[in-house]
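Enquirer: Residue numbers (the UniProt record's numbering): 1 to 308.
Think of the CB as a built atom: it goes at the ideal place given N, C-alpha and C, for glycine as much as any other residue.
Note that the coordinates shown come from a computational prediction; the quantities given were computed from them, not determined experimentally.
Attaching a single structure in structure tokens format; questions to follow.
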């Protein structure tokens, strides 16, 4: 105990003297900055430490504990780093770099936004160089993880940040599950920390399923539920466009719906690019009416002319 007390006293005196000697100054090789400051020095000359900033240069870092730099950290709290520079993610109070060509991530294999000129490939889970890929349907792009098909240009376009599978620039069929919840309207909202049977996640808040769904109702891990059974162990009803099988599972897509991710969605290409049978019948009838009117008018004209 006596040795431990002496050691603690020594460390306390050392830190006090270090702070008195430096007056919040540093060199590139020796960090003697106060907490929540960083060392701007690039050479051996002594410089005044500065408050930590959001646009910290790569390789610099905030001082979370006196004398210790957390490289690529931009903000400290209670002696630990809480924010990293763009292109790095926080893990165990350290800032680690994202995968290659990723500008914003939450883990080494979870990129939210790739650098300019690159897109996130949802199949390989990497940022790949953006290339022009021709397509005729969204499925052409989704199966290779390159976004959705632009109907006017017939090329694949990357999904918005935070979305893995999409049907358009504003409609996401599957959000990045680590951070977001996919709503039934194709939006990515905040994910709830835990799942509770009989409730759905409403932008980060657990809400009773009876109050009007924005995402699937959670029923003991079953997917595509609109409501749970009384014991909340399985689906009672399914989301729109989903059919329940004999095992009480909502996993069959109805006619006109496609399975993308875990959910069933109205066929986007069909609804956007095709004309329904009723519309076609209406067009045919309209054409026949026009032809009949024109034909009748011409017949009347020639009959009247022949009588003169």
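Is residue 286 helix, strand or coil by DSSP?
Expert: Here residue 286 is taken as the residue at index 286 of the chain shown, counted from 1. Low local confidence applies: a pLDDT of 42 at residue 286 is under 50, so the model's placement there is unreliable, and no value is given.
Enquirer: Is it the case that the stretch 209-224 contacts the stretch 133-145, given that we only count it when at least three CB pairs across the two stretches are under 8 Å?
Expert: No: the two stretches stay apart, fewer than three of their Cβ pairs being nearer than 8 Å.
Enquirer: Helix, strand or coil, according to DSSP, for residue 280 in the structure here?
Expert: By one-based count along the chain shown, residue 280 stands at place 280. In this predicted model, residue 280 has a pLDDT of only 33, less than 50, meaning its place in the structure is not dependable enough to derive any value.
Enquirer: Is the beta carbon of residue 73 less than 7 Å from the beta carbon of residue 101?
Expert: As a first step, residue 73 must be located in the chain shown, where it is residue number 73. As a first step, residue 101 must be located in the chain shown, where it is residue number 101. Contact flag unset, no.
Enquirer: Near residue 123, which residues of its chain fall below 7 Å by C-beta distance, leaving aside the five closest residues on each side in sequence?
Expert: In the chain shown, the residue the question calls residue 123 occupies position 123. Same-chain partners within the cutoff: 144 and 145.
Enquirer: Report the residue ranges of all alpha helix (DSSP H) runs contained in full by the stretch 138-175; include only those spanning at least 4 residues, in chain order.
Expert: Within the stretch 138-175, the complete alpha helix (DSSP H) runs of at least 4 residues are 138-142.
Enquirer: State the beta-bridge partners of residue 58 as determined by DSSP.
Expert: Indexing the chain shown from 1 puts residue 58 at position 58. Answer is 60, bridged to residue 58.
Enquirer: Name the DSSP bridge partner or partners of residue 181?
Expert: For this step, residue 181 is matched to residue 181 along the chain shown. DSSP lists 189 as partners of residue 181.
Enquirer: Under three-state DSSP, which class holds residue 211?
Expert: Indexing the chain shown from 1 puts residue 211 at position 211. Correct three-state label for residue 211: helix.
Enquirer: To the nearest angstrom, how far is the alpha carbon of residue 25 from that of residue 52?
Expert: Translated into the one-based positions of the chain shown, residue 25 becomes position 25. Translated into the one-based positions of the chain shown, residue 52 becomes position 52. Approximately 14 Å between the Cα atoms of the pair.
Enquirer: Can you round the beta-carbon distance between residue 263 and residue 202 to whole angstroms, since I take them to be within the 8 Å contact cut?
Expert: Here residue 263 refers to the residue found at position 263 when the chain shown is read from its first residue. Here residue 202 refers to the residue found at position 202 when the chain shown is read from its first residue. Their Cβ separation, rounded to whole angstroms, is 17 Å, which puts residue 263 and residue 202 out of contact at 8 Å.
Enquirer: If you draw a straight line from the alpha carbon of residue 43 to that of residue 159, how long is it in whole angstroms?
Expert: As a first step, residue 43 is located in the chain shown; it is residue number 43 there, counting from the start. As a first step, residue 159 is located in the chain shown; it is residue number 159 there, counting from the start. Computed Cα separation, rounded: 44 Å.
Enquirer: For the candidate residues 191, 125 and 62, whose alpha-carbon lies nearest to that of residue 75?
Expert: Counting from 1 along the chain shown, the entry for residue 75 is found at position 75. The shortest Cα separation from residue 75 among 191, 125 and 62 belongs to 62.
Enquirer: Which two residues bound the contiguous beta strand (DSSP E) that contains residue 258?
Expert: As a working note, residue 258 is residue 258 in the chain shown. Per DSSP, residue 258 belongs to the beta strand (DSSP E) from 257-260.
Enquirer: Going by alpha carbons, who is nearest to residue 57 out of 64, 39 and 68?
Expert: Against the chain shown, residue 57 aligns to sequence position 57. It is 39 whose Cα lies nearest to the Cα of residue 57.
Enquirer: So, are the CB atoms of residue 182 and residue 192 less than 7 Å apart?
Expert: As a first step, residue 182 must be located in the chain shown, where it is residue number 182. As a first step, residue 192 must be located in the chain shown, where it is residue number 192. No, Cβ-Cβ distance for residue 182 and residue 192 is not below 7 Å.
Enquirer: What do you get for residue 190, buried or exposed, if any count of 16 or more other CB atoms within 10 angstroms of its CB means buried?
Expert: As a first step, residue 190 is located in the chain shown; it is residue number 190 there, counting from the start. So residue 190 ends up on the exposed side.
Enquirer: In chain order, what residues of the same chain lie with their CB nearer than 8 Å to the CB of residue 199, ignoring the 5 residues before and after it?
Expert: The residue you call residue 199 lines up with position 199 of the chain shown. So the list reads 206, 207, 208, 209, 217 and 218, once near-sequence residues are dropped.
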